[in-house]
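In the working numbering, the protein residues as written are 32 to 284.
In structure tokens form, the structure reads like this:
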């Protein structure tokens with residue numbers, strides 16, 4: 032018996048595991064049919080197997096998953112074993128030690144509509160995130176040096192996206208081509224190493240942030256009405272799509 036077995040199964044709607052130096056996801060996480068959300072905060076994940084995987088049959092109402100300040104050797108099978116909950120559309124991860132995202136993730140996360148992976152030392156571009164129907168993808172401060180040339184032509188699956196964020200990555204160029212019918216509404220590129228933009232950038236629908244880039248430091252650069260070179264001071268903990276600094280006070284011991 033673990034601590035979750037003492038809870039009334041149908042009364043639990045959210046579970047937070049926090050401050051654990053050697054955490055194993057218990058299979059009893061599958062005992063809560065009304066679970067809406069699950070969060071890991073400041074844990075070192077030693078085991079999360081398929082026997083404790085998030086699953087549509089056991090979590091039919093689940094809509095979000097959050098993982099922050101979490102160490103693991105790889106993306107756990109508990110997040111890669113289909114079928115994941117059909118309503119699980121929001122997955123946000125920040126400050127992890129992941130170095131790569133497996134291609135198999137694209138099959139398991141087939142219903143995810145928003146994915147953030149921020150402040151993470153990626154060694155490979157996470158192409159799988161763009162093979163799922165996510166309207167928003169944030170890869171802020173992940174150490175990415177390049178973006179695949181075919182990302183916007185043959186990798187992306189939707190015709191319209193709300194936002195892509197590549198901010199605070201040492202990216203020097205964007206892909207040259209984009210699919211003719213593809214619309215990106217918001218494109219965040221601030222504090223990258225971009226010195227110029229491809230011609231398709233005019234197709235971005237609403238806003239492009241470029242503050243802190245070499246091209247914004249060039250006095251001769253001409254900007255369109257939707258290109259923003261403002262450069263607010265960046266705090267790597269508080270900034271990001273996932274609000275680390277807002278949540279942290281509620282996770283203190």
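For glycine and all other residues, C-beta sits at the position ideal for the given N, C-alpha and C.
Alpha carbons only, please: which of the options is nearest the one belonging to residue i?
i: residue 62; options: 208, 270, 147 and 92; result: 92
i: residue 121; options: 244, 278, 138 and 273; result: 273
i: residue 129; options: 238, 139, 150 and 161; result: 150
i: residue 220; options: 210, 212, 194 and 230; result: 194
i: residue 98; options: 184, 71, 222 and 114; result: 71
i: residue 285; options: 140, 176, 182 and 148; result: The structure shown has nothing for residue 285, since the chain only spans 32 to 284.
i: residue 40; options: 89, 53, 77 and 79; result: 89
i: residue 78; options: 68, 256, 54 and 170; result: 54
i: residue 245; options: 45, 222, 276 and 266; result: 222
i: residue 271; options: 127, 175 and 169; result: 169
i: residue 261; options: 42, 252, 241 and 276; result: 241
i: residue 199; options: 256, 175 and 116; result: 175
i: residue 75; options: 101, 237 and 253; result: 101
i: residue 52; options: 281, 184 and 103; result: 103
i: residue 43; options: 37, 66, 188 and 256; result: 66
i: residue 49; options: 73, 136, 167 and 145; result: 73
i: residue 157; options: 279, 186, 45 and 248; result: 186
Quick one: give me the first and last residue of the alpha helix (DSSP H) that residue i is part of.
i: residue 247; result: 245-248
i: residue 278; result: 275-278
So, under 8 Å CB-CB, residue i and residue j are touching, yes? Tell me the CB distance rounded to an integer number of Å.
i: residue 131; j: residue 110; result: With a Cβ gap of about 14 Å, residue 131 and residue 110 do not count as contacting.
What is the residue span of the beta strand (DSSP E) that residue i lies within?
i: residue 138; result: Segment 136-139 is the alpha helix (DSSP H) holding residue 138; no beta strand (DSSP E) there.
i: residue 219; result: 214-219
i: residue 72; result: 68-78
i: residue 192; result: 191-196
i: residue 187; result: No beta strand (DSSP E) holds residue 187; DSSP gives it neither H nor E.
i: residue 98; result: 95-102
i: residue 83; result: Run containing residue 83: none; DSSP gives neither H nor E here.
i: residue 38; result: Note, residue 38: premise wrong, no beta strand (DSSP E); not H, not E.
i: residue 204; result: No beta strand (DSSP E) contains residue 204, which DSSP labels as neither H nor E.
Give me, in chain order, the residues of the same chain whose beta-carbon lies closer than 7 Å to that of residue i; leave out the 5 immediate sequence neighbours on both sides.
i: residue 180; result: 206 and 207
i: residue 57; result: 33, 35 and 83
i: residue 138; result: 113
i: residue 182; result: 161 and 206
i: residue 236; result: 214, 215 and 216
i: residue 254; result: 260
Under a Cβ-count criterion, where at least 16 other Cβ atoms within 10 Å of its own Cβ denotes burial, should residue i be classed as buried or exposed?
i: residue 258; result: buried
i: residue 196; result: buried
i: residue 239; result: buried
i: residue 243; result: buried
i: residue 228; result: buried
i: residue 60; result: buried
i: residue 281; result: exposed
i: residue 117; result: exposed
Can you list, in chain order, the residues of its chain whose CB lies under 8 Å from that of residue i, leaving out five sequence neighbours each side?
i: residue 234; result: 209, 213, 214 and 215
i: residue 155; result: 130, 131 and 132
i: residue 96; result: 68, 69, 70, 85, 110, 119, 121, 122 and 123
i: residue 188; result: 161, 162, 163 and 164
Take residue i and list the residues in its own chain whose beta-carbon comes closer than 6 Å to its own, dropping the five residues that flank it on each side.
i: residue 203; result: 224
i: residue 269; result: 276
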